[in-house]
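Only one structure is covered here, and it is reproduced in the block below.
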Amino acid sequence: MNYFELFNIPQSFDVDAVKLADSYRELQRAVHPDKFANASEQEKRLSVQKAAQINDGYQTIKNPIARAEHLLVLSGVTLADESETMKDMSFLMQQMSWREAMEDAEHGSDPFDAIDALYDDFSKEQAQMTKDLATALQQNNAEANQHSAMLVRKLKFMAKLVDELSRLEDKLSDK
């Protein structure tokens with residue numbers, strides 16, 4: 001299913017959030033359960049399925065990483081191979097450095113300042129990767145799509161790292 005077509009928006013990484021939200025609300029109104037109160041069981045079931053599909057599509061297009069994955073899948077790119085990220089030695093070294101910095105932050109004299117600094121680093125890195133991803137996705141050729149897939153895998157790793165940092169901050173706050 002092409003979610004861009006579902007919401008009648010251009011198939012692009014850059015999305016008009018207002019148009020997406022308007023289209024989402026319009027589609028949700030069309031399949032709202034109240035409209036099917038007197039319908040057959042099959043029509044009710046189809047309404048629920050369509051509503052779920054609309055919700056899935058909206059969440060996919062709203063999230064930049066999921067949107068990029070969707071664009072790549074629509075272009076025929078397979079993203080499943082997480083081991084590809086490990087072939088980028090500089091990123092692998094950066095991962096190790098970030099994890100060491102997180103461990104140092106946990107045991108350091110001012111862990112919250114260290115965590116704030118890591119959040120800043122992660123945010124800058126994610127912003128640059130997202131910018132690079134937008135550029136690569138615009139090219140939409142085999143080489144650019146493979147680069148985009150690598151950036152998506154890296155951004156997914158970064159999202160997990162931010163989650164870990166958040167859990168570390170919560171853990172330290174509870175002490």
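If you read the sequence shown in my numbering, its first letter stands for residue 1, the second for the next number, and so on. Glycine is no exception: its CB is placed at the ideal position from the N, C-alpha and C atoms.
Distance between H147 and Q11 (C-alpha atoms, nearest Å): 19 Å
Could you have a look at V18 and say whether DSSP puts it in helix, strand or coil? helix
Can you grab the Cα-Cα spacing for the pair R153 / N38, in whole Å? 46 Å
Sub-9 Å separation of A68 and L161 beta-carbons: Not in contact: A68 and L161 (Cβ atoms no closer than 9 Å).
Cβ distance (whole Å) where S75 is taken to contact N145 below 8 Å: 6 Å
Return the residue from the list E143, S166 and H70 that minimises the CA-CA distance to D116. S166
Classify A142: buried if its beta carbon has 16 or more other beta carbons within 10 angstroms, exposed otherwise. That one is exposed.
Does the segment 98 to 108 come into contact with the segment 41 to 51, if we say contact requires no fewer than three beta-carbon pairs (one atom in each stretch) closer than 8 Å? The answer is no - the segment 41 to 51 does not touch the segment 98 to 108, with fewer than three Cβ pairs under 8 Å.
Span separating the alpha-carbon of A105 from that of V31: 50 Å
Would a C-beta distance cut-off of 9 Å place K155 and I65 closer than the cut-off? Per the sequence shown, the amino acid found at residue 155 is Leu instead of Lys. Yes, these two residues count as a Cβ contact at 9 Å.
Close-in-space but distant-in-sequence residues of the same chain around D14 (CB under 7 Å, 5 per side omitted): A134
What are the start and end residues of the alpha helix (DSSP H) that includes G57? E41 to K62
Determine the direct distance from the alpha carbon of L151 to that of L79, and round the result to whole angstroms. Our two residues, L79 and L151, have alpha carbons roughly 11 Å apart in a direct line.
To the nearest angstrom, report how far apart F122 and M158 are at their CA atoms. 7 Å
Taking the alpha-carbon of D16 as reference, which of Y58, D34 and L27 has the nearest alpha-carbon? Y58
Just to confirm before moving on: does the CB-CB distance between P33 and S47 stay below 9 Å? yes
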